[in-house]
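Per full-length UniProt numbering, the very first residue in the sequence shown carries number 1; after that it's consecutive.
For glycine and all other residues, C-beta sits at the position ideal for the given N, C-alpha and C.
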Amino acid sequence: MAQYKHDRFFKFYIQSLYKTKGETLQNIQVRNDEDLEIDLMFTVEREKSGWKQENLGLFDLLMQEHSTLIIEHYSSYLEETDINKSITRKNLYWDRKQKELLENAKAKSELTSRERLSKEAKKQIENQNPFTWILTVNCSEKLLILCNAQPAEELGVGVYRLSPILRMGIVIIEQLVDSPETMWLKMLGNKETARSAFKSIRQLSPDRKEKNDIISACIKYCVYLKDIPTDSLTSEEEDFMKTMQEIDAWYEAEINKARLEGKIQSASNIIRAKFSASSLTPQIVNQLKQLNEQQLDDFIILMFDWQQLTEMEEWLSMIEKSKR
């Protein structure tokens with residue numbers, strides 16, 4: 001499914017978010033045909049700490065639907081042929097995997113090819129039959145009716161399950177409500193939806209590992225696109241790259257801001273230790289905030305030479321006047 005503009009980002013994204021919650025496998029061949037390649041498979045590892053430490057809202061609920069999941073992403077309208085191919089891919093994979101599991105189970109139980117496995121053993125094998133989530137930017141009502149998709153009410157608006165025998169569900173990203181529970185999924189929506197979702201995510205605490213994982217995925221994808229010749233990128237990929245570059249630029253600015261804040265804090269601590277807490281007046285704090293990174297470095301070095309508070313005050317005043 002490489003023709004879909006967000007396909008590569010989708011893989012970066014899922015792997016970044018769920019590396020602490022299970023195992024992800026990419027590009028699983030079920031036949032010598034790229035269209036019949038499983039883009040991403042996720043095996044839940046519930047004992048992993050990520051499930052307790054990171055909360056991705058609705059995304060986490062989807063990823064715990066079954067112990068083994070196939071995740072597919074479509075960056076435009078979902079078509080009937082997409083669903084048909086998805087069913088074919090899963091069936092081809094499971095047909096081969098089921099035979100492998102049956103043979104291994106019989107060998108382990110020392111059964112002949114004619115002897116049957118116990119119901120419990122068969123159930124354990126059947127439990128490994130994957131559930132497929134199709135994440136799509138949009139989907140017509142006509143197609144939902146055609147494939148008998150039913151709203152998964154416990155998961156909220158925009159999430160549907162198909163007939164149980166298909167072991168498949170559809171998530172329509174444009175139908176999801178705007179909330180902290182859905183913003184992680186909305187990063188896989190169209191350009192405007194992704195930007196809006198990222199705007200919400202960037203407001204989270206820097207201590208949230210999920211936030212940093214998403215930023216990392218965005219930057220990795222941006223770097224990936226930069227390495228591709230421009231004439232090889234579609235207009236959609238170029239547009240998406242611009243969005244990723246905006247995120248990259250914002251992240252770089254945040255890093256610089258954090259570095260400056262750290263140096264201002266260090267300078268403040270040195271002032272308190274060398275002179276007194278009372279010497280750190282609002283005026284001096286404001287003057288420190290006006291310094292650039294190089295000036296802060298110079299200030300911290302000079303602090304070890306200054307013996308009088310007036311020396312520091314004169315230097316800060318001199319820098320302040322030079323900017324006028």
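Could you tell me the boundaries of the alpha helix (DSSP H) in which residue i lies?
i, result
"residue 80", "80-109"
"residue 184", "183-186"
"residue 47", "Run containing residue 47: none; DSSP gives neither H nor E here."
"residue 191", "191-201"
"residue 144", "141-146"
"residue 123", "119-126"
"residue 275", "Counting along the chain, residue 275 falls outside any alpha helix (DSSP H), and DSSP gives it neither H nor E."
"residue 178", "Segment: none, residue 178 is in no alpha helix (DSSP H) and carries neither H nor E."
Within 10 angstroms of its Cβ, does residue i collect 16 or more other Cβ (buried), or is it exposed?
i, result
"residue 149", "buried"
"residue 214", "buried"
"residue 301", "exposed"
"residue 261", "exposed"
"residue 293", "exposed"
"residue 86", "buried"
"residue 305", "exposed"
"residue 186", "buried"
"residue 318", "exposed"
"residue 159", "buried"
"residue 161", "buried"
"residue 167", "buried"
"residue 119", "exposed"
"residue 188", "buried"
"residue 145", "exposed"
"residue 16", "buried"
"residue 310", "exposed"
"residue 281", "exposed"
"residue 207", "exposed"
"residue 297", "exposed"
Considering only C-alpha positions, which residue in the set the options is nearest to residue i?
i, options, result
"residue 90", "265, 79, 36 and 80", "36"
"residue 18", "184, 278, 271 and 93", "184"
"residue 303", "281, 323 and 266", "266"
"residue 176", "151, 295 and 203", "151"
"residue 116", "129, 102 and 127", "102"
"residue 195", "210, 205 and 178", "178"
"residue 170", "203, 63 and 53", "63"
"residue 284", "315, 131 and 29", "315"
"residue 276", "68, 153 and 307", "307"
"residue 321", "287, 297 and 298", "287"
"residue 272", "12, 312 and 298", "312"
"residue 181", "268, 209, 157 and 129", "157"
"residue 205", "295, 135, 68 and 258", "258"
"residue 264", "278, 295 and 192", "295"
"residue 127", "136, 66 and 92", "66"
What residue range does the beta strand (DSSP E) around residue i cover?
i, result
"residue 29", "22-29"
"residue 161", "159-161"
"residue 131", "131-138"
"residue 355", "The requested residue 355 does not occur in the structure, where the chain is confined to residues 1 to 324."
"residue 70", "68-77"
"residue 169", "168-172"
Taking Cβ positions only, does residue i come closer than 7 Å to chain D?
i, result
"residue 316", "Of the protein chains in this structure there is only one, and it is not chain D."
Task: contact_flag[the segment 14-26, the segment 45-55] where n(CB pairs < 8 Å) is 3 or more - done: Yes: at least three Cβ pairs fall under 8 Å.
- [ ] Inspect the CB distances between the segment 78-95 and the segment 129-140 and report whether three or more fall short of 8 Å.
- [x] Yes, since at least three Cβ pairs between the segment 78-95 and the segment 129-140 fall closer than 8 Å, the two stretches touch.
TODO: Answer yes if the segment 94-103 comes into contact with the segment 186-202, meaning at least three C-beta pairs across the two stretches below 8 Å, and no otherwise.
DONE: With a cut-off of 8 Å, the segment 94-103 and the segment 186-202 do not count as touching, because too few Cβ pairs lie within range.
TODO: Tell me, please, whether the segment 66-74 touches the segment 102-109 by the rule of three or more beta-carbon pairs shorter than 8 Å.
DONE: Flag = no, the segment 66-74 and the segment 102-109 do not touch.
Open item on the list: Tell me whether the segment 50-60 and the segment 119-132 touch, counting them as touching only if at least three CB pairs, one residue from each stretch, are closer than 8 Å.
Closed with: Contact between the segment 50-60 and the segment 119-132 is absent, because fewer than three Cβ pairs lie under 8 Å.
Task: Contiguous beta strand (DSSP E) assignments of at least 3 residues, all confined to the segment 286-319 - done: Counting whole runs of 3 or more residues, the segment 286-319 contains no beta strand (DSSP E) stretch at all.
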